[in-house]
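Student: Protein chains in written order, with this note's numbering: chain G, 29 to 542; chain U, 139 to 330.
In this text, a Cβ means the ideal position worked out from N, Cα and C, and glycines have one as well.
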Ligand code: HEM
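#1: Below 9 Å between beta carbons: does that hold for residue 278 (chain G) and residue 271 (chain G)?
#2: Residue 68 (chain G): which of G:444, G:313, G:495, G:448 sits nearest, CA to CA?
#3: Flag this pair as touching only if the segment 209-222 of chain G and the segment 160-169 of chain G have three or more C-beta atom pairs under 8 Å; answer yes or no.
#4: Restricting to Cα atoms, I'd like to know which of G:93, G:239, G:193, G:177 is closest to residue 142 (chain U).
#5: Give a yes or no on whether 9 Å exceeds the smallest Cβ distance from residue 203 (chain U) to chain G.
#6: What are the boundary residues of the beta strand (DSSP E) that residue 19 (chain G) is part of?
#7: For the segment 267-287 of chain U against the segment 452-463 of chain G, are there 3 or more C-beta pairs whose distance is under 8 Å?
#8: Kindly indicate if chain G contains any beta-carbon less than 9 Å away from that of residue 317 (chain U).
#9: Find out if the Cβ-Cβ distance for the pair residue 235 (chain U), residue 201 (chain U) is shorter than 9 Å.
#10: Just to confirm my understanding: we take residue 322 (chain G), look at its own chain, exclude 5 residues before and 5 after, and list those with CB closer than 7 Å. What are they?
#11: How big is the Cα-Cα spacing for residue 439 (chain G) and residue 297 (chain G)?
#12: Please name the residue in G:433, G:498, G:318, G:334 whose C-alpha comes closest to that of residue 516 (chain G).
#13: Under a CB-based cut-off of 9 Å, is residue 147 (chain U) close to chain G?
#14: Tell me whether residue 107 (chain G) counts as near the ligand GTP, meaning its Cβ is closer than 8 Å to at least one heavy atom of that ligand.
#15: Work out the CA separation of residue 273 (chain G) and residue 228 (chain U) for me, nearest whole Å.
#16: What first and last residue would you give for the alpha helix (DSSP H) that runs through residue 5 (chain G)?
#17: Quick one, which of G:191, G:138, G:224, G:341 has its alpha-carbon nearest residue 180 (chain G)'s?
#18: What's the C-alpha gap between residue 480 (chain G) and residue 345 (chain G)?
#19: What residue ranges within the segment 183-244 of chain U form continuous alpha helix (DSSP H) runs of no fewer than 4 residues, ordered along the chain?
#20: Let's see if you can read the secondary structure: which residues bound the alpha helix (DSSP H) around residue 540 (chain G)?
#21: Compare the Cα-Cα distances from residue 605 (chain G) to each of G:118, G:66, G:154, G:528 and report the closest residue.
#22: Can you check whether the CB of residue 209 (chain G) is closer than 9 Å to the CB of residue 148 (chain G)?
#23: Please state if the CB of residue 183 (chain U) and the CB of residue 316 (chain U) are separated by a distance shorter than 9 Å.
#24: Could you tell me the alpha carbon to alpha carbon distance between residue 343 (chain G) and residue 163 (chain U), rounded to whole angstroms?
#25: Where DSSP assigns a beta bridge to residue 281 (chain U), which residues make up the other side?
#26: Please name the residues in the segment 131-144 of chain G whose beta-carbon is closer than 7 Å to at least one beta-carbon of chain U, in chain order.
#27: Tell me the residue span of the alpha helix (DSSP H) that contains residue 419 (chain G).
#28: Does the separation of the CB atoms of residue 186 (chain G) and residue 300 (chain G) fall below 9 Å?
#29: When the Cβ atoms of the segment 418-435 of chain G are set against those of the segment 383-402 of chain G, are three or more pairs found closer than 8 Å?
#30: If you draw a straight line from the C-alpha of residue 269 (chain G) to the C-alpha of residue 230 (chain U), how long is it?
#31: Specify the secondary structure class of residue 236 (chain G) as computed by DSSP and reduced to three states.
#32: For the segment 216-227 of chain U, which residues have a beta carbon sitting closer than 8 Å to at least one beta carbon of chain G?
#33: Residues in the segment 489-500 of chain G with C-beta within 7 Å of chain U's C-beta atoms, listed in sequence order?
#34: Residue 409 (chain G): which of G:335, G:467, G:353 sits nearest, CA to CA?
#35: Compare the C-beta of residue 77 (chain G) against all C-beta atoms of chain U and say whether one is closer than 9 Å.
#36: Under a Cβ-count criterion, where at least 16 other Cβ atoms within 10 Å of its own Cβ denotes burial, should residue 361 (chain G) be classed as buried or exposed?
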C-alpha cells in the first residue's frame with residue numbers, strides 16, 4: 029500500500045513536471061506573439077524614447093501621476109529605512125557575537141538567538157517588503173496610466189503593517205518567538221501583516237483591472253502575481269498549528285523559499301524591468317523573452333523550497349523534485365539576465381553616469397550570480413558541503429542584499445526625487461553610499477563564502493574534530509563584521525540623505541506658499 | 139486577457155507547488171508513521187525546556203537532524219543515526235535547524251547526560267569548552283550569597299573555579315537541561 033502511494037506521488041510529481049514543461053512551452057509561444065514594440069509602452073507610446081533625466085517634456089507627463097502617490101510612497105520608504113537601520117544594528121550585534129561570544133551576554137533580549145531573529149524579520153518584512161511596496165505604489169500609476177483609486181487602503185495597510193512588525197519584533201526580543209525560521213513573529217502579528225498585505229493588494233489589483241492601456245508592461249505581471257502570492261503564502265505558512273514534525277519542516281521551507289522566490293524576487297525584478305530601460309531611455313533588449321522569464325520563474329521557483337532539507341529526514345522524492353526545479357531555474361535566470369544585462373551593457377556610458385542606475389544594474393548582476401550559485405549548491409554533492417554552514421548565509425546576503433536591497437536602494441534614489449520634485453541635496457553622498465555598499469557586500473559575501481566552505485569541509489572530514497569546523501570560520505566571521513560595518517555606515521548615510529531631501533522639500537514648499 | 143491569465147496562472151501555480159511539496163508528502167509521511175512505534179513523548183518538564191530552547195533560539199546554531207552514514211561523518215561524531223519521520227512525531231514547532239555553528243543535538247542526551255556539565259556549560263560555555271563560541275546564558279542563573287533548600291548549585295569549585303557567590307540554576311535552566319537530556323534516539327534502527 030505504501031509503495032503504491034509512493035509511486036503514485038512519484039508519478040504525479042513527474043506528471044506535474046511534464047505539465048510544467050507544456051505550460052512553459054505554450055507561454056513561450058504566447059510570449060513570442062508579444063512584439064518587442066510592446067515594451068515601448070513605458071515610454072507612453074512614443075516611438076521617440078528619451079531618458080527622463082534628459083527630456084523634460086516626457087518627464088512632465090508622468091509628474092502628476094508621481095504626485096498622486098507622494099505621501100504614501102514617502103511614508104512607506106521612510107518606514108522601510110527605519111527597519112533597515114534597526115535590522116542592521118541587530119545584524120551587527122549578532123555578527124560580533126559570533127566571534128566575541130561574551131559580547132552583551134548579560135541581557136536576555138540581546139542573546140544571539142533573539143537579535144539574529146530580530147535582524148532577519150526586520151530586514152525581510154520591514155525593509156525589503158515595505159520598500160518594494162513603496163516603489164510599486166509609485167510604479168503602478170505609471171504602468172496603468174491612471175492614479176490608483178482607493179490608494180488610502182495602501183496607506184492604511186502600510187500603517188497596519190508597521191504596527192504588526194513593531195509588535196512582532198518586540199515579541200521576538202521578549203522570547204515569544206514561534207521558533208520557525210522566517211515565521212518567528214507571533215500569529216497575531218502575522219495575521220495583521222496578511223490583512224495589511226490584502227489591503228495593499230486590493231487597490232493595486234483594482235487599478236490593474238480597470239486599466240485601459242493597450243498593453244500591460246511586464247513589470248505589472250510580476251507585481252500583480254507577487255501581490256496575489258504574498259498574502260496567501262504568508263497566511264498558510266503561519267498556520268503552524270496544523271503541522272508537526274517533519275511535515276512542519278516541509279511547510280516551513282515551502283513558505284520560506286517562496287517568500288524569496290514569489291515575493292522579493294518578482295517585486296524586485298518588476299522594479300528593475302521598469303527602471304533600467306526607463307533610466308537609460310531605451311526599451312528592454314528582448315521584450316518577448318521577458319515573458320518566458322516570468323512564467324518559468326513562477327513555475328520553477330515555487331517548487332525549490334525543499335532543497336533546504338537535502339540530507340534531512342524527509343521523503344527523498346520531494347527533495348529530488350526541488351533539486352530538479354532548482355536546476356530549471358537557469359531558464360528564467362538566463363532570460364532575465366539577457367534582458368537586463370544586454371540593455372545595460374549596450375548603454376554603459378549612461379549607466380556610469382547615474383548612481384541610482386548603477387545600484388540597479390549591479391543588483392541585477394548579483395541576481396544572476398546569486399541564482400546560479402543557488403542552483404549549483406542545490407546539487408546533493410555541493411549541498412553536502414555547504415548546508416549547515418555560513419556559506420548559506422553568504423548566499424542569503426548575495427540575494428537579499430546584493431540583489432534585492434541594491435535594487436531597492438537604486439529605486440529609492442531614482443523615485444524619491446521624482447515624487448518630491450526636487451533633486452538629492454548631495455550627489456556625493458549617493459556615490460559614497462554606493463562604494464560602501466559594493467565594497468561591503470563583496471567583503472561580506474567573499475569572506476563568509478570562503479569561511480563557510482572551509483567549515484563544511486572540516487565538518488565532513490571524519491579525521492577533523494568538530495571543533496576545527498567552528499574555529500576555521502572565526503577570521504572569516506570577523507571579516508564579515510567589517511563588511512557589515514561598511515554596509516551599516518552606508519545605511520546611515522542613506523537615512524541621513526533621506527531626511528535632508530525631506531527638509532529641502534519642506535523648504536521649497538514653504539517658499540512656494542509665501 | 140493578460141491580467142486574467144496572470145491572476146489565474148499565478149494562483150494555479152501556487153496551488154500546484156503546495157500540492158507537490160506539502161500535500162502529497164503529507165500522505166506519504168503519514169504512511170511512514172506506524173502508530174505503534176512512535177517514540178515516547180517528552181516529559182512535561184522537558185516540554186517546558188523545549189519552550190526555553192525555542193525562545194532563546196538555540197536552533198540558529200544547532201541542528202537536530204544527523205545525516206545518513208553515507209552522507210558525512212555525523213554518525214561517527216556520536217550524533218546518532220539518521221532519524222525518520224516518526225522520530226519527530228508531534229513536534230510543533232519543528233526544530234530541525236539549518237546551521238551547525240555548534241554540533242547536532244539530536245542525540246545529545248545519549249552523548250552527555252551530565253546535569254552539572256550542561257548547567258555549567260549554559261552558565262558559561264568557555265568554563266568547560268575553552269574554545270567555545272557559544273554564547274553564555276548568565277540570565278538563566280542567579281548568584282546567591284546564601285542558597286536556599288532545594289536550590290541546584292553549580293559545582294564550580296570542583297572545577298577549580300573560584301566565585302564569591304554561589305551560582306544557582308533557575309527553573310528555566312533546569313527545564314532546558316532536562317530537555318537536552320531527553321534528546322536521545324529512542325531505538326536504534328538496524329545497521330545497514
Ligand atoms: C548591517 C549589515 C548586516 C549584517 C552585519 C548582517 C548580519 C547577519 C547575521 C549575523 C546573520 C545571522 C547568520 C547566522 O545565523 O549565522 C544574518 C542573517 C541574515 N541576514 Fe543579515 N546582515 C546585514 C544586513 C542584511 C541586510 C540588509 C539584509 C537584507 C535583507 C540581510 C539579510 C539576512 C538574511 C536573509 C539572513 C538569514 C540567513 C539565514 O537564513 O541563514 N542582512 N545577517
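Tutor: From the atom records:
#1: Cβ distance < 9 Å, so residue 278 (chain G) and residue 271 (chain G) count as in contact.
#2: G:313
#3: The answer is no - the segment 160-169 of chain G does not touch the segment 209-222 of chain G, with fewer than three Cβ pairs under 8 Å.
#4: G:239
#5: yes
#6: Given a span of 29 to 542 for chain G in the structure shown, any question on residue 19 (chain G) remains unanswerable.
#7: no
#8: no
#9: Contact: yes.
#10: Leaving aside the five residues that flank residue 322 (chain G) on each side, the residues in its chain whose CB is nearer than 7 Å to its CB run, in chain order, 246, 249, 250.
#11: 11 Å
#12: The candidate whose alpha carbon is nearest that of residue 516 (chain G) is G:433.
#13: It does: the Cβ of residue 147 (chain U) has a partner Cβ on chain G nearer than 9 Å.
#14: No copy of the ligand GTP occurs in the structure displayed; its ligands are the ligand HEM alone.
#15: 6 Å
#16: Nothing in the structure corresponds to residue 5 (chain G), since chain G is present only between 29 and 542.
#17: G:224
#18: Distance between residue 480 (chain G) and residue 345 (chain G), taken at the CA atoms: about 27 Å.
#19: none
#20: 502-541
#21: An answer regarding residue 605 (chain G) cannot be provided, because it is not within the stretch 29 to 542 covered by chain G.
#22: When the beta-carbon positions are compared, residue 148 (chain G) and residue 209 (chain G) come within less than 9 Å of each other.
#23: yes
#24: 7 Å
#25: DSSP lists U:305 as partners of residue 281 (chain U).
#26: 133, 134, 136, 139, 140, 141, 142, 144
#27: 418-425
#28: no
#29: yes
#30: Approximately 7 Å between the Cα atoms of the pair.
#31: helix
#32: 220, 221, 222, 223, 225, 226, 227
#33: 490, 494, 495, 498, 499
#34: G:335
#35: With a pLDDT of only 47 at residue 77 (chain G), under the threshold of 50, the placement of this residue in the model should not be trusted, and no figure is reported.
#36: With at least 16 other beta carbons inside 10 angstroms of its own, residue 361 (chain G) counts as buried.
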